[in-house]
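Just so we're aligned: the sequence shown equals residues 352 to 741 in our numbering. A virtual CB, placed ideally from N, CA and C, is assigned to each residue, including glycine.
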Amino acid sequence: MRFSGLVERIAGEGANAWEIHSEAKSALDRGEDVIVLSVGDPDLDTPASVLERAIERLRAGDTHYTPAPGRQRLREAIAAAHHARTGQSVDASNVIFLAGAQNALFTASLCLAGRGDEVIALEPLYPTYPAAIEVSGARMVRARAPAAQGFRPDLPALESVITPRTRAIFFATPNNPSGVILNEAELAGIGELARRHSLWVVADEVYAGLAPGGRVPSLAASMPEQVVTISSLSKSHAMPGWRAGWLVGPRQLVAHVESLVVCMLYGLPGFIQEAALTALQIAPAAEQRIREFCAARRDFLLAGLAGVKGIRCCIPDAGMFTLIDVRETGLSGHEFVRELYRAERVSVLDGGAFGEETGGFVRLCFATDEAALREACIRIRRFVASLKIP
Ligand SMILES: Cc1ncc(COP(=O)(O)O)c(C=O)c1O
Numbered sequence: 352m353r354f355s356g357l358v359e360r361i362a363g364e365g366a367n368a369w370e371i372h373s374e375a376k377s378a379l380d381r382g383e384d385v386i387v388l389s390v391g392d393p394d395l396d397t398p399a400s401v402l403e404r405a406i407e408r409l410r411a412g413d414t415h416y417t418p419a420p421g422r423q424r425l426r427e428a429i430a431a432a433h434h435a436r437t438g439q440s441v442d443a444s445n446v447i448f449l450a451g452a453q454n455a456l457f458t459a460s461l462c463l464a465g466r467g468d469e470v471i472a473l474e475p476l477y478p479t480y481p482a483a484i485e486v487s488g489a490r491m492v493r494a495r496a497p498a499a500q501g502f503r504p505d506l507p508a509l510e511s512v513i514t515p516r517t518r519a520i521f522f523a524t525p526n527n528p529s530g531v532i533l534n535e536a537e538l539a540g541i542g543e544l545a546r547r548h549s550l551w552v553v554a555d556e557v558y559a560g561l562a563p564g565g566r567v568p569s570l571a572a573s574m575p576e577q578v579v580t581i582s583s584l585s586k587s588h589a590m591p592g593w594r595a596g597w598l599v600g601p602r603q604l605v606a607h608v609e610s611l612v613v614c615m616l617y618g619l620p621g622f623i624q625e626a627a628l629t630a631l632q633i634a635p636a637a638e639q640r641i642r643e644f645c646a647a648r649r650d651f652l653l654a655g656l657a658g659v660k661g662i663r664c665c666i667p668d669a670g671m672f673t674l675i676d677v678r679e680t681g682l683s684g685h686e687f688v689r690e691l692y693r694a695e696r697v698s699v700l701d702g703g704a705f706g707e708e709t710g711g712f713v714r715l716c717f718a719t720d721e722a723a724l725r726e727a728c729i730r731i732r733r734f735v736a737s738l739k740i741p
């Protein structure tokens, strides 16, 4: 029996990146002594009022079909939150509620490009990007951000990969894994290129709530016809399992995404939408909670790994990850991840999964409990010491 050509475009690097992580998770589930720092799932519970609202709505029988683009009140609340964050004037018709930012990336990709087109993604990039972009039939083209420049975007490099086939530029700010927040000047440069070449700009702001003050510079207000903003409650509210996210963009795009949603999701659960509405109402407190949590854990980790010969932690602008430069150990990121797991049962992610420039780095999520982080630091120190770096 044969499969479609799509199955090849959605398999590959992204899936391989999680090999050690999956092994570690299975070991953890079996009750083994494993520390998993390879995934961005904060060790915090869903805010109590959000949980209560979902339970209340479930008990009230809110388990029927819902409007495909999401309930009006929720879309209005997302529009208001987006306006507060970016300054862009939008209403419910600019918003569609989706099953997380990943789903929003996927739907944006399918509606913005197709076979014969090219889509640029700024590196380092989240490992699901290649499949989410190429699922449309378009080819993903990488624009590298050099390690030597702290993984900040290289605008001449970006310009050099634009061709007449280019349709869109995708990026995440704050970035995963580097934690880099694109500044006004960098965004202005990207915006200028997008205007000149009539390109869509897809800004994945899933970590924006973790940035200082809960905001990041955005092109949305200055280029409303070309910018698509994607976000979710996964990171800002520690709610990744709820699959609650959205896309904000021009009305016409939202109408197309709605058509896609009708044949793909057919609407999302009402009790989750009501809980998401509550989450947006408490967003300032929820975001402050996660920011303070991440800041404390980041400082704890940086102190715990300070002065270890052979590795160097990068300090992120925002987010829940640090990239650790392991080049001096003589191991690639991939080898470091594998050997660290074998020797000490600590699972981190190979930086190479995010692009070539991050190849000599590993990504570690510090949004976890202090005892686990303390023990992880001891084990990482012991592992690096065992490498006997000259
Ligand atoms: C940059 C980036 N975009 C999107 C996602 C997916 O987020 P969500 O859980 O909202 O689908 C993640 C998850 O880690 C991410 O790091």
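| Asked | Found |
| --- | --- |
| Is V401 close to ligand 1? I mean its beta-carbon at under 7 Å from any heavy atom of the ligand. | no |
| Entirely within the segment 619 to 702 and at least 4 residues each: give me those alpha helix (DSSP H) ranges in chain order. | 621 to 632, 634 to 655, 684 to 695 |
| With a cut-off of 5 Å, give the chain-ordered residues whose Cβ is closer than this to any heavy atom of ligand 1. | G391, G451, A452, Q453, Y477, A523, N527, D555, V557, S583, S585, P591, G596 |
| Tell me which residue opens and which closes the beta strand (DSSP E) that D380 is part of. | It is not in any beta strand (DSSP E) - D380 instead sits in the alpha helix (DSSP H) that spans 370 to 380. |
| Report yes or no: do the segment 450 to 460 and the segment 588 to 601 share at least 3 C-beta pairs separated by less than 8 Å? | yes |
| With a threshold of 8 Å on Cβ separation, who are the neighbours of R518 within its own chain once the five nearest residues in sequence on each side are excluded? | L463, A464, D468, E469, V470, A489, L550, W551 |
| Where DSSP assigns a beta bridge to M491, which residues make up the other side? | V470 |
| Below 8 Å CB to CB, which residues in the same chain sit around L461 once its five sequence neighbours on both sides are set aside? | V486, S487, L611 |
| Using the Cβ count rule (16 or more neighbours within 10 Å means buried), how would you classify A636? | exposed |
| Give the DSSP-derived three-state secondary structure of S582 in the structure shown. | strand |
| Hey, quick one: how far does the beta strand (DSSP E) through R714 stretch, first residue to last? | 712 to 716 |
| Rounding to the nearest angstrom, what Cα-Cα distance links L509 and D380 in this structure? | 43 Å |
| To which residues of the same chain is V401 closer than 6 Å at the C-beta, ignoring the five residues directly before and after it? | A626, T629, A630 |
| Which residue marks the beginning of the beta strand (DSSP E) containing F522, and which one marks its end? | 517 to 523 |
| Taking the alpha carbon of M615 as the reference point, which residue from P420, R408, I386 has its own alpha carbon closest? | P420 |
| From A718 to M352, what does the alpha carbon distance come to, in whole angstroms? | 45 Å |
| Does the segment 428 to 440 touch the segment 563 to 575, meaning 3 or more C-beta pairs lie closer than 8 Å? | yes |
| Give the straight-line distance between the Cα atoms of Y477 and R663, rounded to the nearest whole angstrom. | 21 Å |
| Under 8 Å, do L544 and I513 count as touching if we go by C-beta distance? | yes |
| Under the assumption that R714 contacts L700 (Cβ atoms under 8 Å), give the Cβ distance between them as a whole number of angstroms. | 4 Å |
| Reducing DSSP to helix, strand and coil, say where A554 ends up. | strand |
| If I follow the unbroken beta strand (DSSP E) through L388, where does it start and stop? | Careful: L388 lies outside any beta strand (DSSP E) and carries neither H nor E. |
| Please name the residue, chosen from T673, L619, P497, H588, that lies closest to G655 on a Cα-to-Cα basis. | T673 |
| How long is the line joining the alpha carbons of A707 and C716, rounded to whole angstroms? | Reading the sequence as shown, one finds Glu at residue 707 and not Ala. If I take the Cα positions, the gap works out to 20 Å. |
| Residues in the same chain with beta-carbon distance under 7 Å from V441, minus the five sequence neighbours each way, listed in chain order, please. | A430, H433, H434, V599 |
| My output table needs one value for F448: the three-state DSSP class, helix, strand or coil. | strand |
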